[in-house]
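What follows is a set of notes on a single structure, which appears directly below.
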Amino acid sequence: MSGGVYDDKQAIRNVILSSQYLDKRSSKSIEEIVSDLCGLQYDPNPTIHLNHYMMLWNRKKDFAVGDLDAAYKEFTITEAYAFKRNMFFVPTSEFAVYRAALKDVVRWGASDESYLAAANRPEDLAAEAELREGLKGQPGMTVSQIWKHLHLSDEWDAYVKGRRAGDRSLDLPIFRAFYRLKRKTDLVTCGRNPGTFREPLYILKENIGLEEWPNSGIDKDSARANLIEKLIASFGVTYPVHISHITGIPTVEVTPFFAKLEQEGKILPVKTGKKTCYVHSSKMELLDQHAESDDAEVRLISPMDVLVRDQTWLKTFFDYSYTFEYFKKKGMKWPLSILVGNRFVGYFDCKMEWRTKRFIIKEKSIFDSAFEGHKGIEQALQDLAAFHGAEEIVEKSRS
-14 MSGGVYDDKQ AIRNVILSSQ YLDKRSSKSI EEIVSDLCGL QYDPNPTIHL NHYMMLWNRK
46 KDFAVGDLDA AYKEFTITEA YAFKRNMFFV PTSEFAVYRA ALKDVVRWGA SDESYLAAAN
106 RPEDLAAEAE LREGLKGQPG MTVSQIWKHL HLSDEWDAYV KGRRAGDRSL DLPIFRAFYR
166 LKRKTDLVTC GRNPGTFREP LYILKENIGL EEWPNSGIDK DSARANLIEK LIASFGVTYP
226 VHISHITGIP TVEVTPFFAK LEQEGKILPV KTGKKTCYVH SSKMELLDQH AESDDAEVRL
286 ISPMDVLVRD QTWLKTFFDY SYTFEYFKKK GMKWPLSILV GNRFVGYFDC KMEWRTKRFI
346 IKEKSIFDSA FEGHKGIEQA LQDLAAFHGA EEIVEKSRS
């Protein structure tokens, strides 16, 4: 097939799920999977295992939390403020590509580019030099440990208290230098401490033997061309607005890259209803394959998973939408969408009680009665509880 009208949603879903490693778990390395997915969003909410672990549990064969932690400590995977300026785990070898492609994406009122452009005064540069010298040769440290090492703990505590009260007068140049070195990616996260919110450890990149990031000279347009094509391949089937919503790059800036990729034959248009979408050329043969329904894999998808982050795209291809409540301390809803084969059939609202080692199902909702008591769903739930180290599954309600 060379593009055209293609209204077989089942086939399109198969392309998407194969591209996302959700048709069957992969034996590839963590670095390869993270690269193909274009990163894993970091989210600190400890309701269950964090999103980056959940994404890999659904996709990598025999995945354990320690596998990603090891890749992180070995620095084959690193953290980057990436799509919409959220924190992502990305391959270290591709870090500079993400930064170049997304450096002018605005969040919190400024982009990295505009923020750093306003911080080149002599006192700024002097403070950065002072901080670099103080951290030279030092291991990874928490923020508090850094200021203790530099004999600035009292000043930092006063600054933090002042910020909470709206007083910026205690903001020393060296404190501002800390944030700038992070934005410049000269000061990087090299690990996180155990605990509920995994406090980060920071280190100068040269202290881990990294003078320059791989691909550090790449320009913005080349980086965006590379990243947008990788994203299209990672979803299999998509369209410019979807990529814009994922990345934070305006649609008007995304669309020319689609046009160029189409001209080069790297993507092909497919019409689904009234919407023109695009399939990556490497995925075309998957459109003619049909999943076996009797041995359909079951996945429990985190609400922060890239597959479900854009509701319009999700509704277009999977006829599915969901809601969740992130910020409530009480009544927080954290649904794991139940994917059976290429269909979403319901969700579990879950919570892991780490202290008691109980995995709690606060709500179970199955939309299609044909999947009530489905053995694959129950097995996936048991596997998920085992992944959490739970000793008991407690189901509080049924719907």
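Residues -14 to 384 in my numbering are what the sequence shown spells out, letter by letter. Idealized CB from N, CA, C, for every residue including glycine.
- Between R343 and A365, the C-beta spacing is not below 9 angstroms.
- Rounded to the nearest whole angstrom, the C-alpha separation of S322 and V330 is 8 angstroms.
- When the Cα atoms are used, L2 and I203 turn out to be separated by approximately 31 angstroms.
- Assigned with DSSP and collapsed to three states, R284 falls in strand.
- By the 16-neighbour rule on beta-carbons within 10 angstroms, K190 is buried.
- The three-state secondary structure of M289, taken from DSSP, is coil.
- Per DSSP, the beta bridge partners of S350 are Y332.
- With fewer than 16 other Cβ atoms from the protein chains shown falling within 10 Å of its own Cβ, T297 counts as exposed.
- Scanning its chain for C-beta atoms nearer than 7 angstroms, with the 5 sequence neighbours on each side dropped, one finds around N327 the residues Q(-5), R(-2), N(-1), L2, A276, in chain order.
- Under DSSP, M72 shares a beta bridge with Y66.
- If you look at P158, you'll find it in the alpha helix (DSSP H) that goes 158 to 168.
- Ranked by Cα distance from W198, the first of D206, D109, V75, L299 is V75.
- The beta-carbon separation of Y263 and I217, rounded to 6 angstroms, stays under the 8 angstroms limit for a contact.
- Residue state for Y263 is assigned as strand, using DSSP reduced to three classes.
- About 7 angstroms separates the CB atoms of V222 and F302; that is less than 8 angstroms, so the two are in contact.
- Put simply, of Y27, V255, N105, A162 the residue whose alpha carbon is nearest the alpha carbon of R183 is Y27.
- Remark: C-beta atoms of D109 and A162 approach each other more closely than 9 angstroms.
- Residues of the same chain with a CB within less than 6 angstroms of the CB of M269, apart from the 5 flanking positions on each side, do not exist.
- Residue burial annotation: K381 is exposed, with fewer than 16 other C-beta atoms found within 10 angstroms of its C-beta.
- Assignment of beta strand (DSSP E) within the segment 207 to 278, counting only whole runs of 3 or more residues, yields 252 to 257, 260 to 265 in chain order.
- Classified as exposed, K58 has fewer than 16 neighbouring CB atoms from the shown chains inside 10 Å of its CB.
- Shown here, F302 sits in a helix according to DSSP, grouped into three states.
- With a minimum length of 3 residues, the unbroken runs of beta strand (DSSP E) contained wholly in the segment 167 to 207 fall at 172 to 177, 185 to 189.
- With respect to the C-alpha of T32, the residue from K318, F356, T341 having the closest C-alpha is K318.
- Between the beta-carbon of A208 and that of A85 there is about 4 angstroms, and that keeps the pair under the 8 angstroms contact cut.
- For I378, the enclosing beta strand (DSSP E) has its first and last residue at 377 to 380.
- The secondary-structure analysis by DSSP pairs S322 across a beta bridge with I286, Y332.
- In the displayed model, L35 falls within coil according to three-state DSSP, outside both helix and strand.
- L246 places its beta carbon 9 angstroms or farther from that of I286.
- Secondary structure of M126 (DSSP, three-state): strand.
- Judged by DSSP in its simplified three-state form, L369 adopts helix.
- Only buried fits P320, as 16 or more other CB atoms lie within 10 angstroms of its CB.
- In the DSSP annotation of this structure, L7 is not part of any alpha helix (DSSP H), being labelled neither H nor E.
- Linking I213 to M126 through their CA atoms gives a straight-line distance of about 35 angstroms.
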